[in-house]
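>
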Amino acid sequence: MNLTIEFKQPEIKSAFDWQVVQEINVKNDQDQVIAKAEIEIITLNKHRGADESYELLSQQDATDWEVPLNLFFKKQNIAADLVEKLQVKVDVKAKDHILIEAISVLPAFRQQGVAKFLLQEIAQHYSKAQSISVLSMPMNLFLDAQDCETEENKAYYQAMNLIDDSLNNEQLVTFFEHSGFSYLAIDDSALEAPLPFKVFMASPQTIR
């Protein structure tokens, strides 16, 4: 099966030009979309680091970055204890960081390397990004196939049959760890309730 990648045009998500969203599709020989990622990219700099950026985003109610930005970043870079693990360098320049908001493969095309291909293409396309984060949870817990912006996406997610999807948390953890992501443990004791997702982080250098 020959796979092709399609990066849609990035779009500014909210009031800030340093926060964009992008849809990425994998197509098969029949030009059918068989896998999809929806990502968000933010640019941090020394004047507007993680704390300041989160403050601005939270005022717009336009972010899923709350946990990563508050726990795993320092200014425009990832936290010092992650630098070696993710094989990146800390410096004073502005840094792009990616959050994978959704990644999926149609059930009939799983276990064929499609998701790995998609991640590798993202890492190659954004080779200068410092980090790639993902909030891992089964898709039926956060996505409604009936509530999509385009008819194409609606048809794709309906074909996923999200309610009956057998993918569970353990399988997702195994997949991300095998793909070069590091699991970032969070102390739930300080939270009002346990988080419904697990946080993983990689860099273009560690994705395999």
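Mapping of the sequence shown onto this note's numbering: position 68 corresponds to residue 68, and the numbering continues sequentially without gaps.
Glycine residues also receive a C-beta, built at the ideal position from the N, C-alpha and C atoms.
Nothing here was measured: the structure is a model prediction, and the numbers come from that model.
1) My output table needs one value for GLN32: the three-state DSSP class, helix, strand or coil.
2) Label HIS97 either buried or exposed according to how many other C-beta atoms from any shown protein chain fall within 10 Å of its C-beta, with 16 as the threshold for buried.
3) Following the continuous alpha helix (DSSP H) through PHE117, name the residue where it begins and the one where it ends.
4) Excluding the 5 residues preceding and the 5 following HIS210 in the sequence, name in chain order all residues of the same chain whose CB lies nearer than 7 Å to its CB.
5) Please state the DSSP three-state secondary structure of GLU84.
6) Could you have a look at GLN171 and say whether DSSP puts it in helix, strand or coil?
7) Figure out for me which residue from SER182, LEU191, VAL105 and GLN111 has the closest Cα to the Cα of VAL33.
8) According to DSSP, is LEU69 part of a helix, a strand, or is it coil?
9) Can you tell me whether DSSP reads LEU57 as helix, strand or coil?
10) Around the Cβ of ILE103, are there at least 16 other Cβ atoms within 10 angstroms (buried) or fewer (exposed)?
11) How do the region 33-51 and the region 165-176 stand: do at least 3 beta-carbon pairs fall below 8 Å, yes or no?
12) Determine the DSSP secondary structure at HIS178, reduced to helix, strand or coil.
13) For GLU23, which residues does DSSP report across the bridge?
14) Which residues in the same chain as VAL114 place their Cβ atom closer than 7 Å to its Cβ, once the five residues preceding and following it in sequence are excluded?
15) Could you give the first and the last residue of the continuous beta strand (DSSP E) run that contains ALA202?
Inspection of the coordinates gives the following:
1) coil
2) buried
3) 114-125
4) Residue 210 is absent from the model: the chain starts at 1 and stops at 208.
5) coil
6) helix
7) VAL105
8) helix
9) helix
10) buried
11) no
12) helix
13) GLU38
14) LEU3, VAL26, ILE34, ALA35 and VAL105
15) 198-202
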